[in-house]
Structures are given as C-alpha cells and as structure tokens.
Amino acid sequence: MEPIAALSLAANILQIIDFAASLVSTSQQIYEAGSSVKVREVELSVRDFNDLNKTLKSWVRPDVHALGPLTKDQQDLEILALESEKVAQELLDALSGLRLYGPPSKFDSVARALKTAWNKRKIDDIKHRLGELRQEIQFRILVTSNDDRVKELDRVEQAIVKCVLDDKDKLAAAMTAHNADSAHRHQQSEAIASSRHEQLVSLIYGVGLTNISNDDNSKEMEAIKKIKVALDFQIMEDRFDDIATAHQRTFEWVLQGSTDEQATWSNLLDWLKEGSGIYWMSGKAGSGKSTLVKFLHRHKRLMDALRVWADGCRLIVLRYYFWNAGTEIQKSQEGLLRSLIYQAIDQAPMLGPRLFPDLYEDLIEQSKSLLPPFSLGPNKLGARWINFPTFHELKRAFVTLTTQFDGLHKIVMIVDGLDEFETPRMSMTELADVFIAASKLHVKALLSSRPLPAFEDAFAALPKLRLHQLTHDDITTYVHDKLGLHPRVEELTMEDPEGAKALITSIVDSASGVFLWVSLVVESLIEGLQNYDTLEDLDRRLQELPRDLEELFRHMLRKIPPEYKEQSSRFFQLIRSNREQPTNQSFPYIPTALTAVGLYYAEADLNVIMKATIYHMPEEEVQTKVRKVEGRLRSRCAGLLELRARKNHVLFDAGHEVVYLHRSVADFLKLPEVWADIAGFSPAYDPCIPLIQSLLMRIKRVSVDSPGKLSETWRYVNAIMHFARLVESTTKTTPRELLDEMDRSMQYHFECLPEYKNYCKTWYETNPSGLSHDTFLSFTVQQKLNIYAHIEPPGRKGFLRQMKERLDAVKTRNSRKALKNSS
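Have a look at this one:
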C-alpha cells in the first residue's frame, strides 16, 4: 500500500469513526432525555452511513489483486480498518431496526425502539471502543503525516541546494513556489476540515442535510436554498465592490499587537482574539473608514485572530455596508437583517430551519408537489411566500441568531457606515442599541461610522479608534508612492530636492487625516505634471485647492467647461433619479444599475431606440460604448461620477456601473443650493423617459437563452413600469410607444425559449411574482398605468370593452386562487 493511499485510508477510517461516534452520542441523548428529531431523519443518517461504510470497504485494499507484503504501519492501519468496519456494521445493524416501526412519528417511538434494540451498557461499550479506535487512528495519521512531511522537506531541501549550486538566481523562485504550494495545501486542508465539521454538526442537529452523500437535490437542501434565494437581493454586494481597495503598505498598523507607545486607541488585535461586545472605528468623512473595513475583512490576520476567540467553535463572519447614496434597502434595517441572515445560512445551512422553522416545514411539504421547471418559488404557498421575508420575520430570525447559543457557532458582525443608515421608524441611537443588545458571549460586532453624537454616547465606554488621528504615516506612504515616484517629480527633485520634499510635506499636513481629499489633490497635481508644471506651478495649484471637502467639490464643479454643463446636468439627474425613487408596498422600487451602456442609450435619440433590432450585444460593442461614456464622465462631471467594475454580474452590460466617487459626493450634491445650480443648466429635462428608453434598449440587447435570463430581464420590466407610472402622474401622458415596444421585445425573447411552450403563451405569464395576466393590457392595469389602459389603440374600436370583460374574468380567477391558497 502506497503512503498516500495509507494516509487516505486513515483519513477515511477517521471519517467513519467520527461519524459513528457522533451518531451514537446523539442516540444516547435520545435514550436518556428524548428529543423532537423525527424517525425519517435518523433513517436518512442510516443511508448516509451505508454509503460511508461502502467507501471504507473500498479503501481497505484499493486493488484486491495487489496482495504483496505490507509495512508494519500499513498492517496496523488495515487491522484498524477491518475493526472499524466490524464496529460500524454492528451500529448499522442496530440502526436498521428503526425502520421496522412504521411511518415517521415523534421521537419517543424512536427512543423506545433504541431502548429495545440496545441497552445502555452496550451503548457505553461501543462508544468506548469507537473512542479507542479514533485515538489509535489519529496517532497513525500523525506518524504517517510526519513521515511524509520529513520526506517532503528533505526533497525540498535537496532541490533548493541544487538550485543554489546550479544557479543562485533560481533560489528565490524555488522558495516562492514552495511557499505558494504550502499555502495552497493549507487552504485545501482548512476547506476539507470545515466542510467535514459542518456535515457532522448537521447530522447531530438532525436537520437532514445530505452533503455527506453529495445529494444536493434533497428536499431539505432545496428548502434551505429557496429561503436563501428569497432573502437575497440583487445589489447585496454592490457597496462592498464600490469601496476602494487599500493602498499597499497602508493600514497594516491596525492589526499589530499592543505596544508601549499605544495610548490613543484600543488595540484591535487584542479585541479580536479576546474581546467581547463592540469595537467602534470612527472617522471624518473621507478618512478611509470603509476602505479600512474592507481591508480588515479580507485580511488573513483578522481571521486568524477571530479563530482564537472562536476557541474551536465554527466561526461565522457576517458583513454589511450601509450606503446612504444607494437604494432604500441599502440604507435600511431590512437590508441589514436580510444580508446578515442570508450570510449566516449560507455559511451554516443548518441555521435555516432554526431561523425560519414554520416556513421550512411548509417548504418541505410543498416540495412534494411538482412545479414548472422555470418556477422561481413555491407559488402554492400563496401570499405568505410572495411577502417573505416580512420585517417581523427578519427581526425574529435575527433575535434567534444572536441570542440562542448552540455551543457550536460563534458570530462576528462587521458593519460599516452606521451613519448612512436611514429609516423613519428608527433613530441612530436605536440602531446602536440593536448591536449592543445583540452582543453576547458568542456574538460580537466590529462597527464603523462618522463620529455622530448618537454613537459617541452609545459607544463611549467601549473599545474604539479614531481613524483620522492615526493615518499620518499612511497618507505619507500614499503621497510618496503616487506623486513622489512620478518620473516628472523625480526630475524636479534632482533640480530642487528641498522644494520637492516641502511639496509632499505640505500635502500631508493639509490632509487632516482625510484620504479622499489627498487622492483628489494628488490627481490634480499629476494633471499639472502632465502639463510639465514646475514646482512653483504645483505649489500654486495646491494652494488654490480648498482644504474643506465640500469646497473642493465646488471648485471641481466650477472647472467644468461651459459647453459641457448641460450634459453634465443631465448625467447627474439620471444617476440620482435612477437611485433615489419613492417607493410603496404595492410596487417597491428595486433599481437596476445605471451602467455605461445604459447611460449611452439614455442619451440616444428616441427614433434610434424604436427602430433598433433585437440582438445580443457583443463584448466588442459593449467596450466601445464603455470607453465613450468613461471619457464623457471624465470631461463632463469633473471626476465626481465614475465607472466602477462589478463582479459576478448576470446581464451583459452590468460590469460597468456609473457611481458617485464617494458617499460625501452624493451628500454634497443633495445640498439644496448645489442641486439647484446643477439642475438649472437643463431646467426642462425629465430623466424618466430617457431611463425608460435606456432600459428598453438593454432588453433589446440582452441575451435571453434560458428561463433564468428571462426572469432577470423582468428587473428591467419592473423598472420601466415604475418610471412609466411617474410619467403618467407628472405629465398626464403615457409613454405608449415605448411600452408597446417593450411588450414586443419581451415576447420575442419569450418565443425563443421552448421551455415555456407547455405552460404559457405570453411573456407576462412568466411574472416571478406568480400573478397571472391574459393580456398585456391586464398587466398594465395591475401596474396602475391608468392612462395607458384607457387610451383606445389606433384602429381597434371596441378593444377596451372586450378587454374589460377579460379583465373581469382574470380578477375572478385570481380571487378564487387566493381563496384556495388561504384555505
């Protein structure tokens, strides 16, 4: 038996022993105290055990014909394998008896079955035997691993020595490759261990997860997956992606241990390892708080420190970034709760049934019925599912998550931008109280915000740091790397070393800890370097720039050339209208990203939109439009708007979104006098129609090659409906031509998908909400487009009367469905 095979054998033996030990321990608890675990869950565990038992047998001797002599260690491992098989089979035989007691019921019947099949002495005996086998196998794995590791180190040492003798320049490359390989192996081991731990814990809880047998189609996993999908919202990760990545060699100090000189802030690394409750990071606007939080969340040292605190428990790390300049949900308590709960279930699926027990059981029952293959949700659950999650369901789940310690998990919440939270039903003080109440022995929170009075009072006695007081060295590093190493500055330094040094010192001293101010100033000075400015020119440019952020933004707006100010005004109005819209419970506004392609078509002529054919836009065409829009934003918006790359996007153009440079830019543009000046350059402009035509063109250019893609396209449809309602309410007219073209375009995509032909005839029957519509007119009526619905189409006399009759029929049918679902 090869060493690798022996190690794999040992690992598999240990897996079966751990599995059996966990199951026996659970059975003993049932024997002594009783439980609510159902028989069907135990039967599922037995089937999983059978699979593992078969795997064990195949690993004893991978090749039955290879009967050559074994080493002493290999012989010991094989003996342990056979003994493990014997004990495992004994356990399996006893558990198999559970199936003789009829249909599933409460666990008291299972307890009686176990009590008959197995007395307590036998349980204690097999537990003891399993424990001894596990200790012996662990010892054999350690011996085998150390032996292999010594051989590996010897091989690496010889290779390195050879590199030194052959070519010393190869030494660094060899060491780098070895370190990368070691890190990769470490990550693989951690992933395997984490997965295996989750499987065993899930078994103990009796949730019925079937990861051990890789049965991803189980009813239990499907129910949990549906809960996750319902909790998810499309822009959950957008804010994280928006935040700038920390400049190299900055913020490293924040994860260093305590020093004698440290007096102005509480050591974060100590709190991560040993602390509890809340750690608060505050800072001025633009000081880099969000960048610091992103830096920490991605840093290995933070995770290592938190594992020390977890002390063997499964670590769950949840993050959320409030975004005041974003959509309603991005700055709400609902968005916070949905995101945190989604991540918790994603990292530990067993939590799904605990957090939403009633819905989980209903989903299990509902899964016994068949749904169309394109269905996105269990519509047979009716209005309850359509409205999930309600705010009260989220609050109950969050309380359960943070208050009921199961002894297996520890939770860390990393939440940025508390000051960007905005909802009429809760104050900043109440938000702070939410996190204080949630912090328990097994839950703690790392929070960041501007130093608002509500947070200063709430977190006064807690560990904290004030970022703008601690970034002098980081700002110096940034200015040196971005400006000091510029080729033109190096030339100027040779001419006047003291003058160049004084310029950099002046920038750092003027920053007052505000990274955003520094980055804008450096960008302006680099523009001067490209114009071959002298040190005197650069210093004059620096002195002209205001030290206050808002004044700096005003300065930038004034620099926009007069010929571009009207288009600049349109751009600012488009992004604000797309992001900030009133909403209501009947039609919650969920905006789509204003992409580079979307902005391009918002500025296009209406006739171009109406005459455009339907085809999938190739990547080359997307990139051409992206480059044009990027250039226009730079020249028309003074750098206050920019394109931001998006990851994991589904639709063809969603990888390039138009965004504000920073949250403080959005706050500045909302100032009444500032917005009045911007809107004044295009006073008659209404962004609603341009946004509708932009969304329509994206429908025409998207590739709809699956039902899932058509469902994604419904986001465009819902946004078009929203802006059409605004047009009708403000202008008393309706964008009929654009709506009819949307109808035609969606029907074209629908007819290209054969999956639908057995279920429905039109695209508006595929509404993910589950609402049924026989005609496009009935759909527009449901969407409250009253003006559109009351205008007789050209050449179709009597059409409205016929449609009214059909609408009455649809209403009757939907009422019957709702009554049936409620009963």
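Using UniProt numbering, read the sequence shown as starting at 1 and increasing by one per residue.
Beta carbons are placed, not taken as given, at the ideal position from N, Cα and C, and that holds for glycine.
Coarse secondary structure for residue i, derived from DSSP in three states
i, result
"E657", "strand"
"L67", "Bear in mind that the predicted position of L67 carries a pLDDT of just 46, short of 50, making it too unreliable to give a figure here."
"A809", "helix"
"I345", "helix"
"H409", "strand"
"S449", "strand"
"A33", "Because A33 sits at a pLDDT of 42, beneath the cut-off of 50, its placement in the model cannot be relied upon, and the point is left open."
"R185", "Legend: pLDDT at R185 = 48, less than 50; position of this residue unreliable, no value from coordinates given."
"K757", "coil"
"L739", "helix"
"L315", "strand"
"K784", "coil"
"K464", "strand"
"W309", "helix"
"I791", "coil"
"D481", "helix"
"G257", "coil"
"S266", "coil"
"E222", "helix"
"D548", "coil"
"Q333", "helix"
"D474", "helix"
"R396", "helix"
"T734", "coil"
"I235", "coil"
"F459", "coil"
"L203", "Note that L203 has pLDDT 43, beneath the 50 cutoff, so the model's placement of it is unreliable and no number is given."
Counted within 10 angstroms of its Cβ, other Cβ atoms place residue i as buried (16 or more) or exposed
i, result
"K300", "exposed"
"R458", "Looking at the sequence itself, residue 458 is Ala, so the reference to Arg does not match. Buried."
"N531", "exposed"
"A191", "Residue confidence for A191 is low, a pLDDT of 42 falling below 50, so the modelled location carries little weight; the figure read from the coordinates is stated next. Under this definition A191 is an exposed residue."
"H392", "exposed"
"N718", "buried"
"M746", "buried"
"M610", "exposed"
"K670", "exposed"
"residue 832", "One cannot answer for residue 832 here, as it falls past the ends of the chain, which runs 1 to 823."
"N607", "exposed"
"S706", "exposed"
"H184", "Its pLDDT being 44, under 50, H184 is placed unreliably by the model, and nothing is read from it."
"V229", "exposed"
"G513", "buried"
"Y478", "buried"
"T812", "exposed"
"T291", "buried"
"C688", "buried"
"H749", "buried"
"C752", "exposed"
Alpha helix (DSSP H) segment containing residue i, residue limits
i, result
"W517", "515-530"
"E765", "First-last for E765: undefined, no H or E at that position."
"W714", "707-731"
"A500", "497-511"
"F295", "289-297"
"F435", "428-438"
"D774", "Premise fails: D774 is in no alpha helix (DSSP H) and is neither H nor E."
"P353", "351-355"
"D238", "238-242"
N-terminal and C-terminal residue of the beta strand (DSSP E) that residue i is part of
i, result
"I278", "277-282"
Beta-ladder partner(s) of residue i, from DSSP
i, result
"T595", "E657"
"D416", "Y321"
"K444", "G277, V412"
"L363", "Looking at the DSSP assignment, L363 forms no beta bridge with any residue, so it has no partner."
As an exercise, report each continuous alpha helix (DSSP H) stretch of at least 4 residues that is fully enclosed by the UniProt domain "DUF7791" (559-703), in chain order. 565-579, 596-602, 606-611, 619-636, 663-670, 672-679, 688-701
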